[in-house]
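Structure record follows, encoded as structure tokens.
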């Protein structure tokens, strides 16, 4: 019988790695980096419970770093098989993995130059060459088409919403059908398609990022406009840490809607993330993977100033005039947004605006928790700016939407495994599934094996 073991993404929203074994076949679903709390980040440096050389294939539900960011290390440590993903996920993953390798090399170099690392020398988890090898291993798959995997397994992808290319993965192996939700998106999202229903599964593996929370029903465009106008009236800048793929593009669309309504006409908007800029260009290449008509996303993208060069980014931090800056990363864990936080957080006139989930141990979570200073590149930065959150802008399904996706199954599954959530969120979803659907549901512990 096949077995399931979570090697990451159990009890946390980062580091998703799920191992399916049957006979001598080993397939990993997602291969993400741990982020946030130090004890989680240190797991990125620990050997996996299974040797990468023994893995037969990897299935990638989508390209966000917490689902794909460990791939270069996996390849570096000996994985030589194929990574299967949707066509758009392959292109987005290429952007994210190259950026991740670049940032890790730059951060290690910066730490060595400034001498604030405990390690001598500080080393990157992987390098650009490892990222390129990982990208070459990714094979693009079509939607709703059976894909043959080693050991007689079969794979099929359906759209999951969330971000460009995101999928739920149906894996048939050893006479059992596993369905992995991946990260599910919102229903009626203005940019992404609804998550597609799945008719049947023996085992459902579902994320629980917002398993204990409902998103506000408020109009996200109106809420965003109010925050920006309030900040601009006092002469401040709105800095939005945003995931370069998904949130950045949705924010650009919302800001364009505000302009079209006659608001924010004199407020410049900057996208300071080369990766987000490139991801926005992918909307043109994959028009069937999102809802936006070509004329709409072209008009929205034309209303933004793109910042690619480092010197331009530095000039933006020094610019005292009111503006909106969208910059990665979304949880303020790295990238150019850190330099902007250092520049804008000390000033009472500015606003730091968060639009997505903030994992425990990240600067984003600390700021939303009321931290009055944050450590950036070895320095403590005072936080006097307003700190705001618009959870209705999240790209993740809330608890009601997770239950709506589960209601699409026409048959009762044998087991539901709840992953990719902090403990309270996963447990709340487990209780709700058992109470409302009567299904057998469990929250796996890291390394816990389920023989199914």
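Residue numbers (the working numbering): 4 to 455.
Cβ atoms here follow ideal geometry from the backbone N, Cα and C, with glycine treated the same way.
Owing to the predicted nature of the structure, the values given are computational and were not obtained by experimental measurement.
Continuous alpha helix (DSSP H) stretch holding residue i: start and end
| i | result |
| --- | --- |
| residue 344 | 340 to 347 |
| residue 300 | 297 to 305 |
| residue 21 | Taken as a continuous stretch (DSSP letters only), residue 21 belongs to no alpha helix (DSSP H), being part of the beta strand (DSSP E) at 20 to 25. |
| residue 209 | Taken as a continuous stretch (DSSP letters only), residue 209 belongs to no alpha helix (DSSP H), being part of the beta strand (DSSP E) at 206 to 210. |
| residue 314 | 313 to 321 |
| residue 142 | Premise fails: residue 142 lies in the beta strand (DSSP E), 141 to 144, not in any alpha helix (DSSP H). |
| residue 471 | Past the boundaries of the shown model lies residue 471; the chain is included only from 4 to 455, so the question cannot be answered. |
| residue 252 | 250 to 263 |
Closest by C-alpha distance to residue i, when choosing among the options
| i | options | result |
| --- | --- | --- |
| residue 209 | 184, 238, 222 | 184 |
| residue 104 | 337, 423, 403 | 337 |
| residue 108 | 240, 128, 250, 297 | 128 |
| residue 14 | 446, 339, 454 | 446 |
| residue 421 | 405, 410, 412, 380 | 405 |
| residue 389 | 58, 20, 351, 407 | 351 |
| residue 168 | 450, 317, 67, 298 | 67 |
| residue 242 | 215, 265, 270, 266 | 270 |
| residue 423 | 192, 218, 9 | 9 |
| residue 164 | 190, 411, 74 | 190 |
| residue 84 | 65, 133, 141, 314 | 141 |
| residue 326 | 158, 146, 296, 307 | 307 |
| residue 126 | 106, 136, 139 | 106 |
| residue 90 | 166, 315, 26, 157 | 166 |
| residue 1 | 172, 194, 138 | With the chain running from 4 to 455 in the structure shown, residue 1 is simply not present. |
| residue 48 | 192, 35, 200 | 35 |
| residue 360 | 16, 413, 310, 432 | 16 |
| residue 298 | 275, 259, 76 | 259 |
Element boundaries [beta strand (DSSP E), containing residue i]
| i | result |
| --- | --- |
| residue 6 | 6 to 11 |
| residue 244 | 240 to 244 |
| residue 272 | 272 to 275 |
| residue 330 | 326 to 330 |
| residue 454 | 452 to 454 |
Exposed unless 16 or more other CB atoms sit within 10 angstroms - verdict on residue i
| i | result |
| --- | --- |
| residue 426 | exposed |
| residue 94 | buried |
| residue 20 | buried |
| residue 383 | exposed |
| residue 41 | exposed |
| residue 434 | exposed |
| residue 290 | exposed |
| residue 305 | exposed |
| residue 87 | buried |
| residue 408 | buried |
| residue 224 | buried |
| residue 32 | buried |
| residue 293 | buried |
| residue 18 | buried |
| residue 222 | exposed |
DSSP beta-bridge partners of residue i
| i | result |
| --- | --- |
| residue 175 | 157, 180 |
| residue 37 | In DSSP, residue 37 forms no bridge with anything. |
| residue 31 | 22, 61 |
| residue 445 | 420 |
| residue 309 | 274 |
| residue 150 | 158 |
| residue 132 | Answer is none; residue 132 lacks a bridge partner. |
| residue 170 | 162 |
C-beta neighbour in chain D for residue i, strict 8 angstroms
| i | result |
| --- | --- |
| residue 300 | No chain D appears in this structure, which consists of one protein chain only. |
Length-filtered (3 minimum) beta strand (DSSP E) runs lying within the region 349 to 387:
Runs found: 354 to 357, 376 to 379, 382 to 385.
Residue ranges of each beta strand (DSSP E) within the region 69 to 121, 3 or longer
Counting whole runs of 3 or more residues, the region 69 to 121 contains the beta strand (DSSP E) stretches 85 to 89.
Could you tell me which whole alpha helix (DSSP H) segments of length 4 or greater appear in the region 380 to 433?
Secondary structure in the region 380 to 433: the alpha helix (DSSP H) runs of 4 residues or longer, each lying completely within the stretch, are 402 to 409 in chain order.
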